[in-house]
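For the protein sequence lines, the chains are A and B, in the order given.
Read left to right, the first sequence gives residues 96 to 352 (the numbering used here).
Read left to right, the second sequence gives residues 96 to 352 (the numbering used here).
The structure appears right after this line, and notes come after that.
Number of protein chains: 2
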Amino acid sequence: MSQKNKPLIFITNDDGVHAKGINELIKGIRPLGEVVVIAPDGARSGMSSAISSVNPIRLNLVRKEEDFTFYSCSGTPVDCVKLGINEILHRKPDLLISGINHGSNSAVCVIYSGTIGATLEGCILGIPSLGISLCDHSPDADFSQAVKYGKIVAEKILTGGLPKGVCLNLNVPDVPNVKGLKVACQTKGYWAKEFQKSQDANGKPVYWLTGEFVNEDAENECNDEWALNNGYAAVVPLQVDMTAHHALEKIKSWETI
Amino acid sequence: MSQKNKPLIFITNDDGVHAKGINELIKGIRPLGEVVVIAPDGARSGMSSAISSVNPIRLNLVRKEEDFTFYSCSGTPVDCVKLGINEILHRKPDLLISGINHGSNSAVCVIYSGTIGATLEGCILGIPSLGISLCDHSPDADFSQAVKYGKIVAEKILTGGLPKGVCLNLNVPDVPNVKGLKVACQTKGYWAKEFQKSQDANGKPVYWLTGEFVNEDAENECNDEWALNNGYAAVVPLQVDMTAHHALEKIKSWETI
Chain A
96 MSQKNKPLIF ITNDDGVHAK GINELIKGIR PLGEVVVIAP DGARSGMSSA
146 ISSVNPIRLN LVRKEEDFTF YSCSGTPVDC VKLGINEILH RKPDLLISGI
196 NHGSNSAVCV IYSGTIGATL EGCILGIPSL GISLCDHSPD ADFSQAVKYG
246 KIVAEKILTG GLPKGVCLNL NVPDVPNVKG LKVACQTKGY WAKEFQKSQD
296 ANGKPVYWLT GEFVNEDAEN ECNDEWALNN GYAAVVPLQV DMTAHHALEK
346 IKSWETI
Chain B
96 MSQKNKPLIF ITNDDGVHAK GINELIKGIR PLGEVVVIAP DGARSGMSSA
146 ISSVNPIRLN LVRKEEDFTF YSCSGTPVDC VKLGINEILH RKPDLLISGI
196 NHGSNSAVCV IYSGTIGATL EGCILGIPSL GISLCDHSPD ADFSQAVKYG
246 KIVAEKILTG GLPKGVCLNL NVPDVPNVKG LKVACQTKGY WAKEFQKSQD
296 ANGKPVYWLT GEFVNEDAEN ECNDEWALNN GYAAVVPLQV DMTAHHALEK
346 IKSWETI
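Next up, the structure:
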């Protein structure tokens, strides 16, 4: 019988309900509480915090067991979170976990990632939220280390909470023995050489997004790329307030009032 | 004949090439320099910083005149910026402007907005970048005040630059006489009552995204909602570094090394 005081844990991702990452996460997290999963019905990589502003969203119940409910959703990762909190869950969850993503979401990837989009959305809606990514894109990646570190951080959040407006971005390196968990900053950098030009069947040009990350902060041992490249799992606290407080003073003189 | 030392200004948006907002912006900005426009071929509202990670992107030359080139693009607002900088422009632009958006992008809307997604992308790629939005959704809105304040801020940026990693989010209220320009912070808040449940033609449930903004910081005269509600244009400096630096210490004890 269901224990009424179990934590309620919301799980979503951006790789979709069939991805190995979310299913390994579910297996690892179910012992911690009541789990509700609402995840996209297919891949939504690179969807950032996109929302369905034009098309309607559909929800489909996949499976229901004791303390476990699993829905697929036609929308974006952020739509999944909004729909869950507004329409499905009987109370605000104690924890939201997004992932485990197939591939890194370190550095500036937080801006493009649907995994992190869903994590930020949980945070905006007042839920302690954690995004988890494994630095391995392959569909059959080994998620054991990512599940292990994800559970460590999830239990810390359930015990100690998070400051208002702050969520966590956990990346786990693709190595058999992760050295430990490091608290880190978002690495400065950008993507370069971003397109491969090609042709469609009619000979018309098309561009495929690709690219390589340029690390502008490579020697800084405080950032997440350094931690990952040195065999550590990296957890970065992210905030929803994007105001550049340090820049307010510089542009204050531009006011016309 | 083209003056070689004119500023190069990149324009994009998320409402698409046919929107009144971008076309009014182009008219206002063309006198300031050489203008290259690459904008989505249709509406991309709420696309945030989404990128086309699966589908190829197509580019179509719409118009070319002296010091003016106008392309439409099949991708997201961020795709437009990446494609422009990587493949089209002969040098890094002196200024990127995204907009003018039909509708406000104040407060937490920065997270969901395609207009701001493109602005942040310019910033990531090292371009002084400005997003402009008018607090009026209507297709035939009066953009004269938004163009006026957009030009004021654009000229400030061209003269004084912006700090690295910082871009600007300018919102202009829907009033005939804007009182002036105020430097502001991102208002704290979230969207509530977000869905209208309905049925498709087969009687199956669908959810339409809607909602109302809950202002958690209504009395704070420093934030952008306060400025807009009091008749001022609001400019918020945004940063690409999402690290919650104030929270690093709290979770430092979670490290396992």
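We treat Cβ as the ideally placed atom computed from N, Cα and C, and that holds for glycine.
Can you find a C-beta in chain A that's less than 8 Å from the C-beta of lysine 243 of chain B? no
The alpha helix (DSSP H) enclosing threonine 282 of chain A, as first and last residue numbers | No alpha helix (DSSP H) holds threonine 282 of chain A; DSSP gives it neither H nor E.
Buried or exposed for lysine 283 of chain A, please, with buried defined as at least 16 other CB atoms from any protein chain shown within 10 angstroms of its CB. buried
* Could you name the residues of chain B that serine 224 of chain A contacts, counting a contact when the two beta carbons are closer than 8 Å? => Those do not exist, as serine 224 of chain A stays about 12 Å from chain B at its closest Cβ, beyond 8 Å.
key: Own chain, CB closer than 7 Å to cysteine 175 of chain A, minus 5 neighbours either side, in chain order   = Thr107, Ile133, Ala134, Pro135, Cys168, Ala213
- Task: Determine the DSSP secondary structure at glycine 170 of chain A, reduced to helix, strand or coil.
- Result: Annotated three-state conformation of glycine 170 of chain A is coil, per DSSP.
Does the beta-carbon of serine 233 of chain B have 16 or more other beta-carbons within 10 angstroms, so that it is buried, or is it exposed?
exposed
With C-beta atoms as the reference, is glycine 194 of chain A less than 8 Å away from serine 228 of chain A?
yes
* Look at the Cβ atom of glutamine 294 of chain B, then the Cβ atom of valine 205 of chain B, and state whether they are nearer than 8 Å. => no
- [ ] Kindly list the residues whose CB is nearer than 6 Å to the CB of glutamate 119 of chain B, restricted to its own chain and excluding five residues on each side of it in sequence; keep chain order.
- [x] Phe238, Val242
Three-state secondary structure (DSSP) of asparagine 310 of chain B: strand
Applying a beta-carbon distance threshold of less than 8 Å, which residues of chain A neighbour glutamate 350 of chain B?
Gly275, Leu276, Lys277, Val278
Are three or more beta carbon pairs between the stretch 116-130 of chain B and the stretch 144-153 of chain B nearer than 8 Å?
no
Q.
Less than 8 Å between the C-beta atoms of isoleucine 183 of chain A and valine 130 of chain A, yes or no?
A. no
In the DSSP assignment, what residue or residues form a beta bridge with lysine 347 of chain A?
For lysine 347 of chain A, which the question treats as bridged, DSSP gives no partner whatsoever.
So if I threshold CB-CB distances at 8 Å, which residues from the stretch 329-343 of chain B count as touching chain A?
Under the 8 Å Cβ criterion, the stretch 329-343 of chain B contributes Val330, Val331, Pro332, Leu333, Gln334, Val335, Asp336, Met337, Thr338, Ala339, His340, His341, Ala342, Leu343.
Query - cysteine 230 of chain A and asparagine 266 of chain A closer than 8 Å at C-beta - result: Yes, Cβ-Cβ distance for cysteine 230 of chain A and asparagine 266 of chain A is below 8 Å.
| Skipping 5 residues on each side, what residues in its chain have a beta carbon closer than 7 Å to that of glutamate 350 of chain A? | none
**Study point:** Beta carbon proximity, glutamate 41 of chain A to chain B, threshold 8 Å
**Key:** As displayed, chain A neither begins before 96 nor continues past 352, which places residue 41 of chain A out of reach and without an answer.
For lysine 246 of chain A, which three-state DSSP category applies?
helix
Contacts around methionine 96 of chain A, its chain only, beta-carbon distance under 6 Å, and the 5 residues preceding and following it disregarded: Residue placement at methionine 96 of chain A is flagged as unreliable, the pLDDT there being 41, under the threshold of 50; the coordinate-derived value follows with that caveat. The answer is none, since no qualifying residue turns up.
Between the stretch 243-261 of chain A and the stretch 294-313 of chain A, do three or more beta carbon pairs fall short of 8 Å? no
Residues of chain B with CB under 8 Å from alanine 138 of chain A, in chain order?
Val149
Provide the residue span of the beta strand (DSSP E) that contains tyrosine 302 of chain A, from first to last.
300-304
- Query: Is alanine 279 of chain A closer than 8 Å to valine 309 of chain A when the C-beta atoms are compared?
  - Reply: no
Valine 331 of chain B, DSSP secondary structure in three states:
strand
In angstroms, rounded to a whole number, what distance separates the CA positions of leucine 253 of chain B and glycine 245 of chain A? 46 Å
Residues that DSSP places opposite phenylalanine 163 of chain A in a beta bridge: A/Val130, A/Glu160
Terminal residues of the beta strand (DSSP E) in which lysine 277 of chain A lies = Lysine 277 of chain A -> beta strand (DSSP E) spans 276-278.
Exercise. Tell me whether glutamate 344 of chain A is buried or exposed, calling it buried when 16 or more other Cβ atoms sit within 10 Å of its Cβ.
Key: exposed
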